[in-house]
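Below: the structure, in structure tokens.
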């Protein structure tokens, strides 16, 4: 039975698609079978980040209208699979239909990670419908935290029974100089329990544009590895060096 987890953010640019890919690869490295699902209709971010855009033929919208879902899934070449998003929204893309499709894949995977759109509109409700858990990403700035808090207030009504916060692009020096919000204030404002802190990592700068993964020793890779471990039920402490 797969763990179905949706990854969301209150505003764009928080890094949720990158988080989805790096978490998927961390979970695969731990021996788990992982499916990425792109629920950000029209954006194709996961196809770009996984280097599968050129070999994508079908998407989950096709599966809702009669295509075999196995024909819509593509291999990312690293042990992770991807179910791509449609290019355009459709009346067939209802939360109930999407939930049924994703739940039908439960027996084939250990984890199903759903990358949802930014914001709190209908796209969020669609992406969250099949999920048991939600991960909310926020960077340490006022606009991102405000969006995260708005998403947190709505997420429970969309399906997930548990929500956790990932603080992304954290820089302690910026916090010390009052240029970013500190961890305690972010947790208080979002109203969501923390699962991990990901430091700003220059190794990720080229990931979005060129699909170049950072080396395994990079701070972001280490942080997502820790978060993956917590999703697996391991007792892993926060990296306190980020807070000094």
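In our numbering, the protein residues as written are 7 to 250. Backbone N, C-alpha and C fix where the C-beta goes; we use that ideal spot for every residue, glycine too.
Residue range of the beta strand (DSSP E) that residue 55 falls in? Per DSSP, residue 55 belongs to no beta strand (DSSP E); it is in the alpha helix (DSSP H), 51-55.
If you scan the region 113-185 from start to end, which runs of the alpha helix (DSSP H) of 4 or more residues do you find wholly inside it? Listed in chain order, they are 128-134, 148-161, 178-182.
Three-state secondary structure (DSSP) at residue 32? DSSP places residue 32 in helix when its eight states are reduced to three.
Those residues which DSSP pairs with residue 44 across a bridge: DSSP output for residue 44 lists 121 as bridge partner(s).
According to DSSP, is residue 61 part of a helix, a strand, or is it coil? Residue state, collapsed to three classes: helix.
Beta-carbon within less than 8 Å of residue 36's beta-carbon, same chain only, minus the 5 sequence neighbours each way: which residues are those? 234, 235, 238, listed in sequence order.
Taking residue 43 and residue 118 to be in contact with their CB atoms under 8 Å, please state how far apart those CB atoms are, rounded to whole angstroms. Right, the Cβ-Cβ distance comes to about 6 Å (below 8 Å), so this counts as a contact.
Would you mind working out which of 140, 190, 172, 101 sits nearest residue 206, comparing C-alpha positions? Distance check between residue 206 and each of 140, 190, 172, 101 places 172 closest, using alpha-carbon atoms only.
Evaluate the contact criterion for the region 38-55 versus the region 11-27: three or more CB pairs, one atom per stretch, below 8 Å. Taking one beta carbon from each stretch, the region 38-55 and the region 11-27 have 3 or more pairs nearer than 8 Å; the two touch.
Identify every residue that forms a DSSP beta bridge with residue 232. Bridge partners of residue 232 according to DSSP: none are assigned.
Is the beta carbon of residue 80 closer than 8 Å to that of residue 70? With respect to residue 80, residue 70 sits apart: the two C-beta atoms are not nearer than 8 Å.
Residue 140 and residue 40 closer than 8 Å at C-beta: Against a cut-off of 8 Å, the Cβ pair of residue 40 and residue 140 comes out as no contact.
Range covered by the alpha helix (DSSP H) that runs through residue 101: Counting along the chain, the alpha helix (DSSP H) containing residue 101 begins and ends at 101-109.
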